[in-house]
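Here our numbering = 1-based position in the sequence shown + 1020. Backbone N, C-alpha and C fix where the C-beta goes; we use that ideal spot for every residue, glycine too. Bear in mind the structure is a predicted one, so any value in this text is a computation, not a measurement.
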Amino acid sequence: MSMTIQYQYPLLKHNTFGMDVKAEQFITYDTVDELVAVLATLRGSAKRILHIGSGSNLLFTSDFDGVILHSNIKFIEYVSHDSQEVLVRAGSGVVWDDLCAEMARNNYYGSENLSYIPGEVGAAAVQNIGAYGVELESIIQEVETIEVATGKPRFFQASECAYGYRDSIFKNSLHGQYIVTAVVFRLSVIPVVHLDYGQLQDLRGQEPTPTAQAIRDAVIAIRRSKLPEPDELGSAGSFFKNPVVPLAVYQDIAASYTDVPHYVVDEEHIKIPAAWLIDQCGWKGKRHGGAAVYEKQPLILVNNGQATPRDIIELAAQIQQSVHNKFGIHIHPEVNYI
Ligand SMILES: Cc1cc2nc3c(=O)[nH]c(=O)nc-3n(C[C@H](O)[C@H](O)[C@H](O)COP(=O)(O)OP(=O)(O)OC[C@H]3O[C@@H](n4cnc5c(N)ncnc54)[C@H](O)[C@@H]3O)c2cc1C
């Protein structure tokens, strides 16, 4: 397949929320050279440009009156290998879980806890995806990009990406300025496992240490039991980020709710699961138009089939307001509103 340009293009299959909207132009490219050529043609035009992956963390609020770019750069190559670690380079358009599957098959450790997260490699490095006690930044060596304004390549070391909780420089000060074309990952050849989180603790203490494949299989089983499958029920995963609050705010809540779950961030800050806050406000299973709060996990908003962007925006706003009214805490969307 080579570069394709389509007009008034339906985005229904390009966002896991299932919003039935259109893009004025939709361009898919296969190589870095094609991307650079496309950017050259767009230079000087006032059109909005948005790069998407699988659209699994996006909420299209209306038709997109600009150009959507999508990478079809798909390769996985081994850069180096020694007795400790392996460097693996993957194109931005590779499906993230395909890479996880290959790493687990080869018994390379580092990506197994992140198995089955929807989306593509390029977006994973932008989002700093995380699950079961692991964040992607822990295995990123380098992020290869093209600057939108100039078409020039720039390679970011992981230390230059300002990674934080579901956050990176590409979402903040350099938002929209660089397109990720490939990512180099550093995986361990010797077993290094993270089994401290949730049901993965059941694998702790096993002898011999569980393989990357065994951990991957466990993660997939847990995720399948808790999270909606994008093909069956539209969602964008966790809709809100878990708020980090000052210690005094947490202590106030804990005085009335002895069971409030929490994670100590540092001496002065505590992270409280947004799911717990939303659940305490009685939102689980509640509907608004075609949108609803997922029965099994109140952090996830779902499209019951007929949801409009407005249904989801309104439901999210109502949830934010009620959490604020009850706990005085602002919860912020993790999902990108477009
Ligand atoms: C059911 C479900 C479960 C989920 N579980 C998790 C989870 O456990 N942990 C987690 O972290 N996330 C989770 N997510 C969210 C989502 O999978 C991740 O955010 C994922 O990285 C998004 O990838 P994507 O390819 O779909 O990106 P998109 O949603 O298409 O884009 C996300 C952002 O990246 C930008 N972007 C995309 N590609 C590029 C590129 N090549 N260069 C520059 N910018 C780019 C976009 O502009 C946008 O800002 C879940 C989502 C769903 C639907």
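- Taking the Cβ of Phe1190 as the reference point, at least one heavy atom of ligand 1 falls within a distance shorter than 8 Å.
- Boundaries of the alpha helix (DSSP H) around Lys1346: 1329 to 1347.
- If the five residues before and after Ala1238 are omitted, its C-beta is found closer than 7 Å to the C-beta atoms of Leu1220, Leu1223, all from its own chain and listed in chain order.
- Asn1324 and Gly1150 have their C-alpha atoms some 26 Å from each other.
- Residue pairing from DSSP leaves Tyr1314 without any beta-bridge partner.
- The beta carbon of Arg1174 is closer than 7 Å to those of Thr1165, Glu1167, Tyr1198 in its chain, skipping five residues each way along the sequence.
- Every unbroken stretch of the alpha helix (DSSP H) spanning 4 or more residues and falling wholly within the stretch 1202 to 1278 is given here in chain order: 1232 to 1246, 1267 to 1276.
- DSSP places Arg1068 in the uninterrupted beta strand (DSSP E) bounded by 1068 to 1072.
- With 16 or more other Cβ atoms from the protein chains shown falling within 10 Å of its own Cβ, Asp1331 counts as buried.
- With contacts defined by Cβ atoms closer than 9 Å, Asp1102 and Glu1044 do not form a contacting pair.
- Take Ile1242, set aside five residues on each side of it, and the residues of its chain with a beta-carbon closer than 6 Å to its own are Gln1219, in chain order.
- Proximity to Ile1349 across Asn1262, Thr1278, Ala1275, Thr1328 peaks at Asn1262, based on C-alpha coordinates.
- Per the DSSP secondary-structure output, Leu1078 pairs in a beta bridge with Asn1356.
- Note on Ala1110: 16 or more other CB atoms within 10 angstroms of its CB, so buried under the neighbour-count rule.
- Of the other Cβ atoms in all chains shown, 16 or more fall within 10 Å of the Cβ of Thr1036; this residue is therefore buried.
- Taking 8 Å as the cut-off, the C-beta of Arg1186 counts as close to a heavy atom of ligand 1.
- Leu1107 is a Cβ neighbour of Gln1161, given a cutoff of 9 Å.
- Per DSSP, reduced to three states, the secondary structure at Glu1097 is strand.
- Membership of Leu1321 in the beta strand (DSSP E) is indicated by the continuous run 1320 to 1323.
- Check the Cα spacing between Thr1051 and each of Ala1311, Leu1089, Gly1153, Gln1317: the tightest is with Leu1089.
- Within the chosen limit of 8 Å, ligand 1 reaches the beta carbon of Leu1070 through at least one heavy atom.
- For Glu1287, the secondary structure class from DSSP, reduced to helix, strand or coil, is coil.
- Pro1266 and Glu1140 have their C-alpha atoms spaced approximately 35 Å apart.
- Assignment of beta-bridge partners to Lys1042 by DSSP yields Pro1030.
- Per the C-alpha coordinates, the member of Val1343, Thr1061, Glu1334 positioned closest to Ala1312 is Glu1334.
- The beta-carbon distance between Ile1358 and Leu1062, rounded to whole angstroms, is 18 Å. This is too long to meet the 8 Å contact definition.
- Remark: C-beta atoms of Ile1093 and Ala1202 approach each other more closely than 9 Å.
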